Structure formats: structure tokens, C-alpha cells
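The opening position of the sequence shown corresponds to residue 3 in this note's numbering, with each subsequent residue numbered one higher.
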Amino acid sequence: MERFEYLHRVTYADCTVGNHIYYGRYLELLEAARGEWFRSTGKSFADWQAAGLIFPVLEVQINYRSPARYDEVLTIEVWVLEARGVRLNLGYRVVGSEGQVHVEGHTYHVCTNLEDKPRRLPAELMSALGVPAGGLRSPESEKETTKDQLQSPG
């Protein structure tokens with residue numbers, strides 16, 4: 003599946019006194035983009051939940067590059083870093099109207115049933131993502147793993 007793009011115009015409510023997006027608001031923007039990304043695969047979060055599956059966040063990382071300002075139109079890109087077994091890891095980039103990168107990040111998810119028991123990613127989702135039977139681990143995901151291993155004290 004190609005990168006998905008979600009548009010958001012920065013509202014006054016998004017901003018701090020300094021006229022840039024409040025840092026915590028980016029998590030909400032990534033959540034909105036992720037919800038629309040799921041919808042683009044053929045099922046919304048609500049559809050998956052009705053089918054007995056949810057995708058809770060295990061980890062989130064955001065790197066701030068430059069401030070986004072009031073009334074700027076942002077493109078929030080979403081793509082799959084890894085999809086295999088019970089794991090679904092997504093990458094994000096928030097790009098401004100002039101092409102500047104404001105934020106980069108990722109969310110790592112696990113597929114579970116409604117009782118929080120891990121479940122393999124559904125074949126229907128894997129098919130919609132165009133993921134082969136063995137799963138997908140992107141080069142970007144490999145870079146994250148290498149970076150994490152280098153920073154690990156043990």
C-alpha cells in the first residue's frame with residue numbers, strides 16, 4: 003500500500019500563545035490520520051472493533067523538526083513500517099504547505115481481541131495492505147531497529 007495522506011488546516015484551538023501547534027496536539031493529529039488510513043484499507047476502527055479486534059498503541063515516538071503555524075495546511079503521511087504476526091507499526095510525517103517537515107514519528111501497535119489477548123493481523127487487513135503471507139518489514143523499520151540496538155545499553 004502506498005503512503006496515505008490526510009490533510010489538516012491548523013486551527014486556533016491547535017495553537018499555543020506562540021502561534022504554533024501545541025506539542026501534545028500532534029498525537030491527536032496522528033490519531034486522526036491513522037483512523038482515516040484504516041478507513042482507506044476498507045474498514046474503520048469501529049468496523050474492526052465490531053469484528054472483535056482492536057489495535058492498541060504500544061509505543062509512540064515523535065521528533066519535532068519545525069513549528070507549524072495557525073492556518074497552515076498540513077499533509078500528514080501514514081505508511082506501514084511493519085505488518086506481521088500480531089504487530090502493526092506505522093510511520094508518520096507531518097509536512098507543511100511549503101514542503102517543510104514539521105514532525106516525523108511512529109506508532110507501534112499490537113492486534114488484540116476485546117479481552118486484550120493478542121491475535122494475528124487479520125488476512126483481510128494484510129490483503130488490503132498488499133502484504134505478503136510472511137509479513138512486511140520495511141527498510142525504515144530496519145533502520146529503527148538498528149538505531150534502537152545502537153542506543154541500547156545492553
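Cβ atoms here follow ideal geometry from the backbone N, Cα and C, with glycine treated the same way.
Quick caveat, the model's predicted, so the values are computed rather than measured.
Query, Result
"Is the separation between the beta-carbon of Leu138 and that of Thr43 shorter than 9 Å?", "no"
"Output yes or no for whether 9 Å exceeds the beta carbon distance between Val96 and Ile78.", "yes"
"For the beta strand (DSSP E) containing Glu61, name the first residue and the last one.", "59 to 66"
"As a quick exercise: from Tyr94, Val88, Val82, Trp81, pick the residue whose alpha carbon is nearest that of Tyr28.", "Tyr94"
"Does the beta-carbon of Glu84 have 16 or more other beta-carbons within 10 angstroms, so that it is buried, or is it exposed?", "buried"
"Do you know offhand how far Tyr66's Cα is from Ile23's?", "11 Å"
"If you compare alpha carbons, which of Glu74, Asn91, Val75 is closest to Trp81?", "Asn91"
"Just the C-alpha distance for Tyr110 and Leu116, rounded to the nearest angstrom, thanks.", "18 Å"
"So the candidates are Glu30, Cys113, Arg5, Tyr8; which of them puts its Cα closest to the Cα of Asp16?", "Glu30"
"Which residues bound the alpha helix (DSSP H) around Tyr28?", "27 to 42"
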